[in-house]
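Enquirer: Numbering (the numbering used here), first residue to last: 256 to 584. Idealized CB from N, CA, C, for every residue including glycine. Remember, predicted model here, so these are calculated numbers, not experimental data. To start, I am sharing the structure in question, which I have written as structure tokens.
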Amino acid sequence: MTPGDSSSVTAGQALHRSVLLDQAVALLMVRSDGRYVDGTFGRGGHSRLILRHLEGEGRLLGIDKDPEAVRFGETLAAEDGRFVVYHGSFADMADATAAQGWDAGSVSGVLLDLGVSSPQLDDPERGFSFMSNGPLDMRMDPTRGLSAAQWLNTAREQEIADVIWRYGEERFSRRIARSVVRQRDEEPLVTTRQFAELVRQAVPKKEKHKHPATRTFQAVRIFINRELDDLEAGLAQAVDLLEPGGRLVVISFHSLEDRIVKRFMRDLSRGPQLPRGLPVTAREVAPPFRLVGKALKASEPEIEENVRARSAVMRVLERRADTEGESIS
Ligand SMILES: C[S@@+](CC[C@H](N)C(=O)[O-])C[C@H]1O[C@@H](n2cnc3c(N)ncnc32)[C@H](O)[C@@H]1O
């Protein structure tokens, strides 16, 4: 199918420019009357384009952790009866779809466009950005869990260093963690500016064209939102939902995410690694999934228009139509 001109997908999108919009929807939609899940609704850029191509019994479920994104989803649901929105994590995709009466093996496509949206990054009150000053929060769902400030003001120094190292690959993680503890002994960390400045002072060597707090902010955000744990749980549930011929499309924005997606898809498309000489037929060990094409990146013109697209990598996995659906989770 050929999704239409993305420029007409505008309502509710003014604040977020969807990455790889046409390509993702074209690869996702294997049939126009299927059931689809947009696990990262955001401002609904991808969802609106999916809806434009749905026909007949076609339905779409949008999921987002962020109550603000869900409000946009509710507006869309009021406009279009084929769409419903669910407030929660895509790590709970099985529950969200079960609530619709959608069983394992009955969904045509699942899309995950990972990370934060531009409205989340651009709103200083959400505390994601070191470029503007606001409360040091960083939760995609501010109604649950600890904020970044609450965690940084109470966690052990070693735990803070480990998080910054593991999720930010920041080589000065220990120095930064030590500065956090020293700072909070004086007065608690409260704002993004305070934290960004603390990191800037703790990092002795600056990387070219990169704010010294980039890696640390990424690390704390990933940890606070359990991004990689959610991703692993979401991927496993997504493939269980797919019907034969159904597809999982994932857009990642950094190497830690992409590594998880790449390995997950590679392992499923390889099938079981059995010792040679076993008395089984090729059909019996045929992997139930296949990779659709290679990893896809945004074009230069898209990157020129939208800097977020620069680090995007899209991968697609399909449940083979000629094998029985078997659960992997
Ligand atoms: C890059 S934006 C998606 C943009 C969307 N595709 C669009 O075109 O408007 C990512 C969104 O996913 C949400 N999100 C991130 N991790 C999530 C998770 N584990 N479960 C549900 N939503 C998540 C964020 O709150 C954010 O709204």
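Can you give me the Cβ contacts of GLN355 inside the same chain, cut-off strictly under 7 Å, excluding the 5 residues immediately before and after it?
Expert: So the list reads LEU316, VAL339, once near-sequence residues are dropped.
Enquirer: Quickly, what does DSSP pair VAL292 with across the bridge? List them, please.
Expert: VAL292 pairs with LEU316, VAL365.
Enquirer: According to DSSP, GLU329 sits in a beta bridge with which residue or residues?
Expert: Note: GLU329 sits in no beta bridge, so no partner.
Enquirer: For ALA457, which residues in the same chain have their Cβ closer than 7 Å to its Cβ, ignoring the five residues on either side in sequence?
Expert: Around ALA457: PHE427, ARG430, ILE431, SER434.
Enquirer: For GLN492, count the other beta carbons within 10 Å of its own beta carbon; 16 or more makes it buried, fewer makes it exposed. Which is it?
Expert: The residue in question, GLN492, is buried, as its Cβ has 16 or more Cβ neighbours within 10 Å.
Enquirer: In the DSSP assignment, what residue or residues form a beta bridge with THR446?
Expert: Paired residues: PRO390.
Enquirer: Whole angstroms are fine: how far does the CA of GLN528 sit from the CA of HIS271?
Expert: HIS271 and GLN528: Cα-Cα distance of roughly 43 Å.
Enquirer: Within its chain, find whatever has a CB closer than 8 Å to the CB of SER262; leave out the 5 residues flanking it on each side and keep chain order.
Expert: Unreliable placement is indicated for SER262, whose pLDDT of 34 sits below 50; no coordinate value is reported for it.
Enquirer: Report the residue from ASP577, LEU551, ARG448 whose alpha carbon sits nearest the alpha carbon of ARG565.
Expert: Of the listed residues, the one whose Cα sits closest to ARG565 is LEU551.
Enquirer: If distances are taken between C-alpha atoms only, which option among GLU559, ASN408, ARG394, VAL454 comes closest to ILE477?
Expert: Ranking the options by Cα distance to ILE477, first place goes to ARG394.
Enquirer: Give a yes or no on contact between the stretch 539-547 and the stretch 393-411, applying the rule of three or more CB pairs nearer than 8 Å.
Expert: Contact between the stretch 539-547 and the stretch 393-411 is absent, because fewer than three Cβ pairs lie under 8 Å.
Enquirer: Just to check, is the beta-carbon of PHE383 closer than 7 Å to a non-hydrogen atom of ligand 2?
Expert: Among the ligands present in this structure, namely ligand 1, ligand 2 is not found.
Enquirer: Looking at ligand 1, does it come within less than 7 Å of ALA351, judged from the CB to the closest heavy atom?
Expert: No - ligand 1 has no heavy atom lying nearer than 7 Å to the Cβ of ALA351.
Enquirer: In its own chain, which residues sit with a C-beta less than 7 Å from the C-beta of SER363, not counting the 5 before and 5 after it?
Expert: The residues are VAL285, ARG286, GLY289, ARG290, TYR291, GLU498, GLY501.
Enquirer: Which same chain residues end up closer than 6 Å to SER507 when comparing Cβ atoms and leaving out the 5 residues on each side of it in sequence?
Expert: Cβ within range, chain order: LEU369, ASP513, VAL516, VAL568.
Enquirer: Using only the alpha-carbon positions, how far apart do PHE327 and TYR341 sit?
Expert: Near 11 Å, if we compare the C-alpha coordinates of TYR341 and PHE327.
Enquirer: Quick check: the Cα distance between LEU572 and GLY336, rounded to an integer number of angstroms?
Expert: So the alpha carbons of these two residues sit roughly 29 Å apart.
Enquirer: Consult DSSP for ALA489 and reduce its assignment to one of helix, strand or coil.
Expert: Checking the sequence, you will find Gly at residue 489 rather than Ala. Looking at GLY489 - three-state DSSP - the assignment turns out to be helix.
Enquirer: Taking the C-alpha atoms as reference points, what is the distance between ASP378 and LEU496?
Expert: Taking the straight line joining both Cα atoms gives about 35 Å.
Enquirer: Measuring CB to CB, does GLY297 end up less than 8 Å from SER387?
Expert: Not a contact, by the Cβ cut-off of 8 Å.
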